[in-house]
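Heads up, the thing below is written out as structure tokens.
Protein chains in written order, with the working numbering: chain C, 1 to 443; chain D, 1 to 990.
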């Protein structure tokens with residue numbers, strides 16, 4: 001496994017002094033194009049106390065290894081501005097907990113739309129903890145104009161390792177969440193009672209099903225139940241309970257022995273969501289949720305088409321996207337999965353819709369996270385594919401593979417082992433990409 | 001050791017020192033090198049890594065071999081000496097392993113195989129060019145530094161010889177290499193030591209701070225005693241103290257590293273602040289800043305202790321009032337608590353601050369903090385004029401507190417100020433009162449208007465019980481089944497049926513050669529084994545006898561000489577389930593043996609003190625026989641059957657039946673078929689069928705096999721038709737009369753449980769009482785099961801119910817010794833217990849106890865689900881002794897480490913899946929036995945049980961008073977326990 005390094009470069013630390021919260025940005029993309037320190041928003045947070053508490057929760061998730069806790073690297077949260085709200089996302093160091101704050105309680109000017117990293121530091125956390133309910137809080141995402149003009153190379157650099165496992169989990173959690181259904185909805189007081197009544201042991205796991213207005217423990221895998229694996233991973237919800245209006249719980253449709261789950265706390269003017277991996281020791285990467293959709297041969301090209309149509313909208317409307325791209329709905333869905341795995345869309349459970357955001361990491365690297373597809377592309381680029389009617393011959397280091405284009409068969413050992421049960425092999429993918437290119441060229 | 005001659009090159013001298021494995025010597029040599037010499041060594045070193053490692057490994061191997069040889073010689077000499085003194089060979093060998101000589105040799109030190117590592121590091125540190133190269137060299141993977149090197153002195157000496165700025169560079173680089181996850185090498189020690197020596201400002205790197213904190217609590221010997229830098233006061237003089245102290249409060253991981261030394265750290269920092277060495281304000285601000293950054297209570301412990309020791313003055317607190325205030329809503333309990341204490345001391349003059357504090361406190365989960373918040377809330381309400389609507393949400397959150405006392409206080413407060421809420425505010429209070437228990441909700445309703453009580457919120461929908469088990473299918477026809485893998489249950493009966501009908505005559509399809517070497521050897525040695533305790537062995541013997549009659553050699557005569565004590569001792573290493581206290585057996589044994597001076601007796605006597613009474617009795621008998629005090633009992637006829645106590649009785653019965661068929665085959669008296677072959681797969685034998693079989697044997701003049709007949713009787717149903725009974729009475733043979741007698745008066749065993757404790761762990765044993773029938777097999781089965789249990793017990797457990805398919809509790813009595821030994825019983829244990837409910841008879845006390853235990857047990861995978869399934873299966877059978885099970889559950893929960901919370905979870909799951917009536921019935925047996933009696937303390941488990949009973953009673957629609965509940969409900973007080981009892985009592989009686 002390669003362990004790349006992420007270098008954050010901030011114009012200065014994020015600060016909170018008086019009533020002004022200035023979030024420093026590093027890299028990322030905006031509508032106006034890539035930027036070193038993009039500026040997205042300047043205005044007021046109308047619900048200061050819950051917003052500050054939720055940001056602390058996000059930063060705690062980013063800092064924590066829930067499985068075998070120990071201090072380690074912290075990767076800064078990612079902020080997306082879609083013109084209507086700010087979405088702040090963070091992913092735990094263990095790769096098993098994803099947290100997002102959808103901040104709607106904003107009143108101000110959107111300067112641009114896009115995604116970037118924001119700096120969260122110790123003094124800022126202290127200051128956030130001091131934020132009370134009565135003060136309005138001014139928020140600036142990106143260096144303010146004054147700072148931009150007076151920037152004299154005051155740059156904060158942080159380098160952290162960015163393991164594939166972490167990055168892939170961050171991207172894939174979106175795809176996994178897209179398959180979740182709402183399982184329970186608890187009103188504020190019931191949510192408080194439920195969360196306070198959970199076992200104290202952080203590693204405890206239980207299955208819960210709605211009964212009346214509460215959630216109660218039930219037997220493993222009961223119908224309509226959600227799996228809460230590692231109770232301690234919900235810890236960041238507790239300080240937010242005093243603002244909680246509703247707790248919604250999501251889970252996958254058909255429960256297996258262990259399952260992922262999502263916990264969404266509705267706060268005044270914002271939502272705080274946690275997605276937990278199936279077990280505390282398992283991260284999200286390698287959950288395999290994506291393979292079905294990725295196996296469709298068009299997904300890559302479709303994703304490229306859709307990728308160009310995305311515009312940092314608050315919610316991606318499938319119908320509209322299908323209409324604009326001229327693709328059928330199933331293909332749009334598959335392409336969104338593809339975009340999800342490459343970190344280009346997120347999924348909002350409450351709105352049951354994708355949203356556009358580009359993870360502000362090395363773009364090529366994120367795209368490479370699907371090794372089979374990347375390998376297929378490399379084969380095509382290297383001219384390893386020779387097409388003949390209904391067939392293709394792909395030259396690899398291990399010899400020549402014969403690909404049947406109609407049935408997607410191959411003579412490679414991998415295909416021999418799996419027979420399509422894990423999707424097409426890289427040779428079939430390469431042959432299909434090459435075949436499509438030929439058609440396009442001849443057109 | 002060889003020393004290189006003076007004329008040797010620099011590298012040769014260094015290499016000789018490395019080969020000597022002495023880092024000190026290497027340091028001596030390398031520090032005297034000139035620039036050219038250093039360069040030469042630096043160039044040679046990397047290539048020498050594999051050579052040095054190989055040489056050290058070889059030296060280690062040779063030393064190890066030499067030690068092994070010496071050990072073996074010593075062992076042989078030791079054993080020979082003991083044998084010469086009259087010891088038995090086994091005893092003498094055994095004595096070696098516990099001898100001082102052995103442990104002395106075991107502990108002796110060998111040269112470490114990594115002796116080459118430190119010399120190489122020292123040589124590199126002194127000679128390699130750049131500091132970066134040395135930082136890499138010191139922690140190369142080749143060194144495999146899985147344990148710290150014993151001494152870093154030579155390494156530091158070698159580094160000290162380098163230029164100062166070079167050393168500073170290295171110190172910084174080593175510090176930055178530290179990670180929070182690597183603690184097994186000396187990198188932290190080295191980095192800190194170099195930073196101190198060179199006076200380099202430490203880099204801003206959190207793992208360095210954590211390493212510094214950890215090192216301050218490492219014990220070291222200062223020449224007089226073991227002490228830590230914290231205890232010895234060395235911290236004050238630590239040059240890193242001032243530079244690293246600010247980061248002590250900000251670096252992640254410090255709280256965790258100082259968890260176990262929180263008191264020492266806090267005391268030392270407080271002391272240094274007192275002497276003026278440290279700035280008190282810095283410490284105080286640091287603590288507050290750390291609290292604000294968050295963390296668990298454990299990780300913040302050191303800061304909380306320090307804060308308490310600093311004991312900030314009211315002025316200091318007032319200056320930081322805002323910070324303390326911010327801690328109230330979300331900090332861990334102990335931290336919020338200390339913030340509250342400080343704020344109380346200085347007060348909150350700003351009404352806005354005050355309101356914020358109240359809100360923060362009332363949203364806490366901790367009763368103590370909520371109570372404080374309520375006090376302040378009352379104060380605010382009295383002080384301020386106007387409406388109190390803004391306080392409604394805070395009051396609402398106080399209603400959520402778990403403590404009843406706090407909730408009732410919140411309710412009283414709300415009622416007191418009810419007039420000051422506008423209709424809007426009153427609505428808010430009313431809606432948040434929905435979560436209150438009914439009595440408190442009623443108080444709110446009195447002052448604020450109707451409150452929707454949430455009691456019926458639990459929309460209980462009973463599931464459907466699994467269908468009652470269908471009658472077992474008809475018994476399959478006889479068949480030749482592969483026997484070598486083991487024959488049990490139905491397979492054994494089918495096989496026996498086949499063998500008697502066909503196999504014995506045709507010899508079967510021949511005996512194939514076993515495929516695997518292990519099997520081949522095992523079956524080749526069949527006749528060498530004196531005891532056949534597996535059905536497969538008997539089946540193999542029968543097939544061989546059928547194929548080649550008379551091939552079994554006669555059993556050898558028993559070995560005559562008296563057994564030496566050594567063997568005796570070994571043969572009593574068994575697990576006893578008998579916990580009866582000793583009546584000084586050791587001295588009795590000692591007396592018995594005194595005149596004989598047998599070596600090893602002392603050990604036997606000591607061990608005997610720990611064994612159960614039955615073992616000791618056996619030991620005494622053996623010793624008395626050996627020492628001539630008791631006549632040797634005549635050797636019973638040898639038959640290859642295991643002794644009665646060494647296997648479980650149902651298993652023995654299976655073996656005895658096999659032995660009977662085997663003997664009949666050899667004697668040529670094998671009947672044409674067996675009487676006991678069941679007619680259903682649950683072991684049931686149709687009485688009419690048995691009568692037909694006996695009529696047939698009377699007609700043909702065949703004498704039935706006695707054990708076969710007895711087994712057939714045990715399989716008969718409890719009820720037979722008068723017509724069948726009349727046919728049975730008409731039989732004239734002995735066997736026929738036995739059958740008629742059985743139908744007339746079959747034994748009715750009474751199975752009870754004897755509950756005993758041993759070493760804090762319950763040892764329930766079963767007692768079986770039945771009138772004697774004169775039928776050997778029946779009487780054996782229906783007598784008290786052995787209290788013994790060792791690894792040879794419990795075999796073929798899945799077949800036991802076929803031995804007595806109408807006596808589930810008898811089978812349960814034989815399962816009982818295995819119950820508490822979770823890890824030694826088969827995984828299917830739950831299933832076997834569940835199957836007892838499918839048998840013809842009615843399960844009783846022992847089955848109830850086993851179910852009760854399994855409800856609460858959580859040791860195995862899916863234990864909770866399997867407990868629930870078992871309860872559902874029992875409920876579905878309609879034969880579940882629920883109240884009995886409840887009584888035993890109370891006993892289990894009182895006397896074993898199993899916990900009520902687990903049992904309740906299982907009961908709730910079962911109730912929701914359709915067993916709600918049975919669960920309530922169980923509780924009616926459970927509550928009187930579990931709830932505390934006179935003089936016993938009430939704990940939260942009792943309250944939880946009553947709360948669950950309230951729910952379960954509602955689900956089952958139960959009515960009718962329970963005296964034990966009524967008694968508690970009638971007491972004075974308002975504890976949760978009494979309130980739950982009152983609620984249950986009201987529910988049951990209205």
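C-beta: ideal position from N, C-alpha, C; glycine also. Keep in mind it's a predicted model, so treat the numbers as computed, not measured.
C-beta neighbour in chain C for residue i, strict 8 angstroms
i: residue 949 of chain D; result: no
i: residue 900 of chain D; result: no
i: residue 214 of chain D; result: no
i: residue 712 of chain D; result: no
i: residue 414 of chain D; result: no
i: residue 953 of chain D; result: no
i: residue 581 of chain D; result: Because the pLDDT at residue 581 of chain D is just 38, under 50, the model does not fix this residue reliably, and the value given afterwards should be weighed accordingly. Judged by the 8 angstroms Cβ criterion, residue 581 of chain D is not in contact with chain C.
i: residue 289 of chain D; result: yes
i: residue 73 of chain D; result: no
From the options, residue whose alpha carbon lies closest to that of residue i
i: residue 271 of chain D; options: D:306, D:433, D:253 and D:260; result: D:306
i: residue 171 of chain C; options: C:224, C:64, C:345 and C:79; result: C:345
i: residue 415 of chain C; options: C:372, C:61 and C:266; result: C:372
i: residue 42 of chain D; options: D:438, D:487 and D:128; result: D:128
i: residue 382 of chain C; options: C:398, C:249, C:430 and C:35; result: C:430
i: residue 315 of chain D; options: D:301, D:327, D:328 and D:342; result: D:342
i: residue 956 of chain D; options: D:725, D:907 and D:980; result: D:907
Partners in chain D for residue i, counting only beta-carbon separations shorter than 8 angstroms
i: residue 125 of chain C; result: 292, 293 and 294
Any C-beta of chain D under 8 angstroms from that of residue i
i: residue 63 of chain C; result: yes
i: residue 241 of chain C; result: yes
Proximal chain D residues relative to residue i, where beta-carbon distance stays under 9 angstroms
i: residue 53 of chain C; result: 329 and 330
CB-CB length for residue i against residue j, believed under 8 angstroms
i: residue 777 of chain D; j: residue 707 of chain D; result: 5 angstroms
i: residue 898 of chain D; j: residue 958 of chain D; result: Not really, about 25 angstroms apart at Cβ, beyond 8 angstroms.
i: residue 465 of chain D; j: residue 915 of chain D; result: 6 angstroms
i: residue 210 of chain D; j: residue 254 of chain D; result: 6 angstroms
Closer than 7 angstroms at the beta carbon, the chain D residues around residue i
i: residue 449 of chain C; result: Beyond the ends of chain C as shown, which are 1 and 443, falls residue 449 of chain C; an answer cannot be given.
i: residue 220 of chain C; result: 865
i: residue 56 of chain C; result: 294
i: residue 122 of chain C; result: 250 and 293
Within chain C, the residues that residue i reaches when beta carbons sit closer than 8 angstroms
i: residue 905 of chain D; result: 217
Contact set between residue i and chain C, taken where Cβ atoms lie within less than 9 angstroms
i: residue 210 of chain D; result: 71
Residues within the segment 169-199 of chain C neighbouring chain D, beta-carbon criterion of under 7 angstroms: If the cut-off is 7 angstroms between Cβ atoms, the segment 169-199 of chain C has 189, 192, 193 and 196 near chain D.
Interfacial residues, the segment 419-448 of chain D to chain C, with Cβ spacing under 7 angstroms: Per Cβ criterion, the list reads 432 and 435.
Residues, ordered as in the chain, of the segment 362-375 of chain D that lie near chain C by beta-carbon distance below 7 angstroms: Listed by position along the chain: 363 and 365.
Tell me which residues of the segment 396-412 of chain D have at least one Cβ-Cβ distance to chain C shorter than 8 angstroms, keeping chain order. Of all residues in the segment 396-412 of chain D, only 396, 397, 399, 400 and 402 place a beta-carbon less than 8 angstroms from a beta-carbon of chain C.
By the 9 angstroms beta-carbon criterion, what residues does the segment 129-142 of chain C contribute toward chain D? For the segment 129-142 of chain C, which is checked against every Cβ of chain D, the residues closer than 9 angstroms are 129, 130, 131, 132, 133 and 134.
Pull out every residue of the segment 320-331 of chain D whose Cβ sits closer than 7 angstroms to any Cβ of chain C, in chain order. Within the segment 320-331 of chain D, the qualifying residues are 322, 323, 326, 329 and 330.
Along the segment 14-32 of chain C, what residues have a CB closer than 7 angstroms to any CB found in chain D? Hits within the stretch: zero.
Taking beta-carbon pairs under 7 angstroms, can you tell me which members of the segment 70-82 of chain C lie near chain D? Within the segment 70-82 of chain C, the residues whose Cβ lies closer than 7 angstroms to some Cβ of chain D are 70, 71 and 72, listed in chain order.
Short-range partners of chain C found in the segment 239-270 of chain D, where Cβ spacing is below 7 angstroms: Answer in chain order: 250, 252 and 253.
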